[in-house]
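In the UniProt record's numbering, the protein residues as written are 1 to 93.
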(Lines of atoms letter the chains of each structure in order from A and count residues from 1; the text may use other names and numbers.)
(Lines give C-alpha, C1' and ligand atoms only; values in the text may rest on other atoms or scores of the structure.)
Protein backbone atom coordinates (compact mmCIF):
# COMPACT_ATOMS: atom_id res chain seq x y z
CA UNK A 1 0.00 0.00 0.00
CA UNK A 2 1.14 3.40 -0.91
CA UNK A 3 1.29 6.15 1.68
CA UNK A 4 -0.91 9.16 0.97
CA UNK A 5 1.13 11.50 3.15
CA UNK A 6 3.31 14.03 1.40
CA UNK A 7 6.43 15.57 2.81
CA UNK A 8 5.27 19.06 3.57
CA UNK A 9 7.58 21.49 5.37
CA UNK A 10 6.51 22.32 8.87
CA UNK A 11 5.39 25.91 9.38
CA UNK A 12 8.07 28.04 11.01
CA UNK A 13 7.36 30.78 13.47
CA UNK A 14 8.79 34.23 12.73
CA UNK A 15 8.06 35.49 16.23
CA UNK A 16 10.96 36.00 18.60
CA UNK A 17 11.37 33.30 21.20
CA UNK A 18 9.61 34.16 24.43
CA UNK A 19 11.66 35.10 27.44
CA UNK A 20 10.55 34.27 30.90
CA UNK A 21 9.18 37.17 32.92
CA UNK A 22 11.74 36.49 35.66
CA UNK A 23 14.56 36.88 33.15
CA UNK A 24 13.06 40.09 31.81
CA UNK A 25 12.68 41.46 35.33
CA UNK A 26 16.29 40.57 36.14
CA UNK A 27 17.56 42.34 33.01
CA UNK A 28 15.41 45.39 33.73
CA UNK A 29 16.71 45.48 37.30
CA UNK A 30 20.29 45.24 36.05
CA UNK A 31 19.76 48.13 33.62
CA UNK A 32 18.14 50.22 36.35
CA UNK A 33 21.09 49.57 38.66
CA UNK A 34 23.56 50.54 35.91
CA UNK A 35 21.68 53.77 35.23
CA UNK A 36 21.68 54.60 38.95
CA UNK A 37 25.42 53.90 39.18
CA UNK A 38 26.13 56.13 36.18
CA UNK A 39 23.94 58.85 37.65
CA UNK A 40 25.79 58.63 40.96
CA UNK A 41 29.16 58.82 39.21
CA UNK A 42 27.99 61.82 37.19
CA UNK A 43 26.88 63.59 40.37
CA UNK A 44 30.22 62.88 42.06
CA UNK A 45 32.10 64.20 39.02
CA UNK A 46 29.90 67.32 38.92
CA UNK A 47 30.56 67.98 42.62
CA UNK A 48 34.32 67.53 42.15
CA UNK A 49 34.29 69.98 39.24
CA UNK A 50 32.46 72.53 41.38
CA UNK A 51 34.98 72.02 44.19
CA UNK A 52 37.93 72.34 41.79
CA UNK A 53 36.42 75.50 40.32
CA UNK A 54 36.05 77.03 43.78
CA UNK A 55 39.62 76.02 44.66
CA UNK A 56 40.95 77.58 41.43
CA UNK A 57 39.08 80.82 42.18
CA UNK A 58 40.47 80.89 45.74
CA UNK A 59 44.03 80.23 44.56
CA UNK A 60 43.72 82.89 41.87
CA UNK A 61 42.69 85.49 44.45
CA UNK A 62 45.50 84.36 46.75
CA UNK A 63 47.99 84.61 43.89
CA UNK A 64 46.87 88.16 43.08
CA UNK A 65 47.17 89.13 46.75
CA UNK A 66 50.68 87.65 46.94
CA UNK A 67 51.76 89.49 43.78
CA UNK A 68 50.46 92.75 45.26
CA UNK A 69 52.35 92.07 48.49
CA UNK A 70 55.58 91.40 46.59
CA UNK A 71 55.17 94.63 44.62
CA UNK A 72 54.53 96.61 47.84
CA UNK A 73 57.63 95.11 49.47
CA UNK A 74 59.75 95.86 46.42
CA UNK A 75 58.56 99.47 46.24
CA UNK A 76 58.99 99.93 50.01
CA UNK A 77 62.51 98.50 49.80
CA UNK A 78 63.35 100.83 46.92
CA UNK A 79 61.86 103.80 48.79
CA UNK A 80 63.89 103.11 51.90
CA UNK A 81 67.05 102.94 49.81
CA UNK A 82 68.47 99.73 51.14
CA UNK A 83 71.96 100.56 49.94
CA UNK A 84 71.85 98.79 46.56
CA UNK A 85 70.15 95.70 47.88
CA UNK A 86 66.80 96.31 46.19
CA UNK A 87 66.98 92.87 44.58
CA UNK A 88 66.57 91.10 47.92
CA UNK A 89 62.80 90.84 47.59
CA UNK A 90 62.66 90.23 43.87
CA UNK A 91 60.44 87.33 42.99
CA UNK A 92 59.71 85.58 39.77
CA UNK A 93 56.14 86.64 39.13
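Glycine residues also receive a C-beta, built at the ideal position from the N, C-alpha and C atoms. Just so you know, these numbers come straight off a predicted model, no measurement behind them.
For residue 81, no alpha helix (DSSP H) segment is defined, and its DSSP state is neither H nor E.
In the three-state reduction of the DSSP assignment, residue 7 falls in the coil class. Between the alpha carbons of residue 63 and residue 52 lies a gap of roughly 16 Å.
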